[in-house]
Amino acid sequence: MRITACAFMLSATITALAQQKPVLLHNATLVDGTGGPVRQHVDITFRKGYIESVRPAFTKEKDTPKNTDIVDCSGKTVIPALISAHSHLGILLNNTDASPDAYTAENVTAALNQYERYGVTTMVSLGVNRDLVYELRDQQRAGKLGGATFLTAGRGIGVPNGAPGLNVAPDQVYRPANPEEARKDVDEMASHHVDLIKLWLDSGHGKIPAMDPAVYTAIIDEAHKHHLKVAAHVYTLADAKSLVNANVDILAHSIRDQVVDPAFATSLIYHKVWYIPTLALDEAFYLYAADPDVMKSQFFQQAAGPQLLAKLQAPDYAEKTLASPQTEQARKDHEIAMKNLKALRDAGVNVAFGTDSGAVAGRIPGFSEHRELEDLVAAGLTPLQAITLATGENGRLLHEINPKLSIGLIKQDYSADLIILSADPLMDVRNTRHIDAVYHHGALVPNTPPQN
Ligand SMILES: [Zn+2]
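In our numbering, the protein residues as written are 180 to 631.
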């Protein structure tokens with residue numbers, strides 16, 4: 180189940196392979212991603228991109244390992260790097276406006292670099308990708324493209340005149356008219372070795388046409404013939420139940436129209452369906468208007484960039500946003516999403532971690548993932564539980580999608596994707612923003628963001 184060969188190449192790989200000398204993170208406090216108790220005074224050694232050992236810290240001078248780069252982590256906490264199982268690339272220009280011109284190698288690479296700098300070393304671009312994505316993925320696997328490792332759901336499958344309602348290029352999403360066309364779309368993506376299939380089931384509160392059940396049933400069936408998992412954009416409990424009955428693998432958003440019932444939790448467990456809450460999604464519609472202090476930190480401002488910052492800090496932005504009916508709806512949706520996440524997690528459902536960052540302005544690559552951790556804690560999880568979703572649990576989901584991936588844990592033979600934090604994230608989950616260093620597949624990532 181673990182990889183020994185580097186079949187799934189990472190951007191940092193060339194550097195990491197060249198670097199024969201092991202790195203030892205010495206005397207760290209360790210949160211290993213399993214959700215188990217924190218360990219004090221730990222030494223973590225990695226070499227050639229993979230973790231070699233995790234053991235009690237050496238205490239005697241004479242036991243200092245030779246020919247090793249030693250990083251003193253006394254008083255620091257090491258956690259696995261974060262993973263987003265639901266984000267997007269190439270939709271927005273300057274993090275601000277959706278544009279059919281946004282899907283360029285340059286823009287995608289900039290986003291991948293930003294994720295990586297903020298400690299998100301793996302992300303899933305869950306649909307709305309141009310076919311350029313396959314070329315970029317090949318380049319990354321060959322070690323020629325930097326930034327976070329990404330998986331892709333290719334274009335994904337939406338509805339004619341329906342979801343997703345984004346201003347993107349026509350070749351950025353399929354919109355089949357019938358089940359036969361939908362099967363062809365799946366086959367085409369499978370021929371590109373897409374990592375998974377994405378579909379949209381959402382009537383936008385009855386305002387737009389929803390996907391015909393015959394279409395999504397065909398998509399799921401065809402995807403499973405290709406051994407591909409299917410993630411579905413969903414909003415209502417009724418739609419989620421229909422998708423689960425049609426054998427969907429991943430619900431890519433929270434249920435937000437009503438509180439879920441225990442029978443629903445049982446069916447998710449029975450069918451081994453993953454649930455990605457994306458709490459930061461609805462909140463991003465009003466967060467910056469309701470709580471402008473969020474925007475004060477350099478950590479935020481660097482992630483947002485000047486154009487988005489100007490938009491969010493425009494004189495009429497807060498007033499307009501707070502008065503908009505969309506904000507009222509988003510607040511309600513966010514409240515229900517938090518309740519449902521807590522109930523489903525407590526019931527034992529497989530909960531993953533994602534943000535929908537990159538899809539609309541305000542869902543910001545890198546920042547939104549740290550905000551999502553805070554939202555999960557606000558929903559009632561402990562900081563340790565929240566971090567576990569973003570690391571070990573997401574690693575488990577991505578391993579199901581691609582068995583060559585061993586990520587999300589600080590454990591022997593896992594990819595050396597780690598964050599050194601200068602403050603304790605279990606005391607306050609916002610301390611995941613105090614990033615001293617990020618390692619991606621064993622290589623030190625340059626330009627980590629300011630800590631405040
Ligand atoms: Zn999305």
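The C-beta atom is built at its ideal place from N, Cα and C for all residues, glycine as well.
Output yes or no for whether 7 angstroms exceeds the beta carbon distance between residue i and residue j.
| i | j | result |
| --- | --- | --- |
| H513 | D436 | no |
| A459 | D554 | yes |
| V299 | L261 | yes |
| Q486 | T275 | yes |
| G341 | I398 | no |
| H412 | D381 | yes |
| L305 | L315 | no |
| A327 | E295 | yes |
| Q481 | P604 | no |
| L136 | L568 | What is shown of the chain runs 180 to 631, which leaves residue 136 out entirely. |
| R542 | A483 | no |
| V303 | L268 | no |
| D366 | Y353 | no |
| Q293 | G574 | no |
| W453 | A531 | yes |
| V347 | P279 | yes |
| G212 | G571 | yes |
| S446 | V423 | yes |
Within its chain, find whatever has a CB closer than 7 angstroms to the CB of residue i; leave out the 5 residues flanking it on each side and keep chain order.
| i | result |
| --- | --- |
| L271 | A277, A281, G537 and A540 |
| R609 | E553 |
| G527 | I448 |
| T192 | Since pLDDT at T192 reaches only 48, below the 50 mark, its modelled position is unreliable, and the value read off the structure follows with that caveat. Correct list, in chain order: C185, G228, G322 and H620. |
| H265 | V303, L305, A431, I455, T457, G533, T534 and D535 |
Suppose you measure from the CA of residue i to the CA of residue j; what does that come to, to the nearest Å?
| i | j | result |
| --- | --- | --- |
| I376 | A290 | 22 angstroms |
| G344 | Q219 | 49 angstroms |
| A622 | L520 | 34 angstroms |
| H384 | D374 | 30 angstroms |
| A595 | L204 | 11 angstroms |
| R309 | H405 | 21 angstroms |
| F443 | D525 | 13 angstroms |
| K451 | D428 | 7 angstroms |
| K255 | T208 | 6 angstroms |
| V312 | K241 | 51 angstroms |
| Y618 | A602 | 17 angstroms |
| M474 | A493 | 13 angstroms |
| R181 | Y496 | Its pLDDT being 42, under 50, R181 is placed unreliably by the model, and the measurement read from it follows with that caveat. The alpha-carbon atoms of R181 and Y496 are separated by roughly 49 angstroms. |
| S421 | E507 | 28 angstroms |
| I589 | L597 | 8 angstroms |
| T183 | V233 | Caution applies to T183, whose pLDDT of 40 falls short of 50 and renders its modelled position unreliable; the value that the coordinates give is listed next. If I take the Cα positions, the gap works out to 17 angstroms. |
| Q591 | W379 | 38 angstroms |
| P456 | I434 | 8 angstroms |
| M188 | P504 | Confidence is the limiting factor: at M188 the pLDDT is only 44, short of 50, which leaves the residue's position unreliable, though a coordinate-based value still follows. In a straight line, the C-alpha of M188 is about 46 angstroms away from that of P504. |
| D418 | T611 | 35 angstroms |
| T301 | G587 | 9 angstroms |
Which class does residue i belong to by DSSP, given the choice of helix, strand or coil?
| i | result |
| --- | --- |
| Y297 | coil |
| V624 | coil |
| L447 | helix |
| T288 | helix |
| T570 | helix |
| D554 | helix |
| L203 | strand |
| D374 | coil |
| A616 | strand |
| I336 | strand |
| H406 | coil |
| L560 | coil |
| T611 | helix |
| T396 | helix |
| V427 | coil |
| I362 | The question names Ile, yet the displayed sequence has Arg at residue 362. In the structure shown, R362 sits in a helix (DSSP, three-state: H, G or I). |
| Q651 | Outside the shown range of the chain (180 to 631) lies residue 651, about which nothing can therefore be said. |
| F237 | coil |
| Q219 | strand |
| A529 | A small correction: the amino acid at residue 529 is Asn; Ala does not occupy that position in the sequence shown. Of the three classes helix, strand and coil, the one that applies to N529 here is strand, per DSSP. |
| Y593 | coil |
Excluding the five sequence neighbours on either side, which residues of its own chain have a C-beta within less than 6 angstroms of the C-beta of residue i, listed in chain order?
| i | result |
| --- | --- |
| S547 | A459, T534 and S536 |
| V202 | F225 and D248 |
| H613 | L600, S601, A602 and Q630 |
| I515 | R435 |
I'd like the list of long-range same chain contacts for residue i, defined as Cβ closer than 8 angstroms, with 5 residues on each side in sequence excluded.
| i | result |
| --- | --- |
| Q199 | R226 and K227 |
| N206 | H220, V221, D222, A236, D251, C252 and S253 |
| T396 | P358 and A425 |
| P562 | L552, V556, P604, L605, M606, D607 and V608 |
| V307 | H267, G269, I270, R334, G335, P343, L345, V347, Q351, V352 and A538 |
| H372 | Y313 |
Can you find at least 3 beta carbon pairs, one from the stretch 466-475 and one from the stretch 494-508, that sit closer than 8 angstroms? yes
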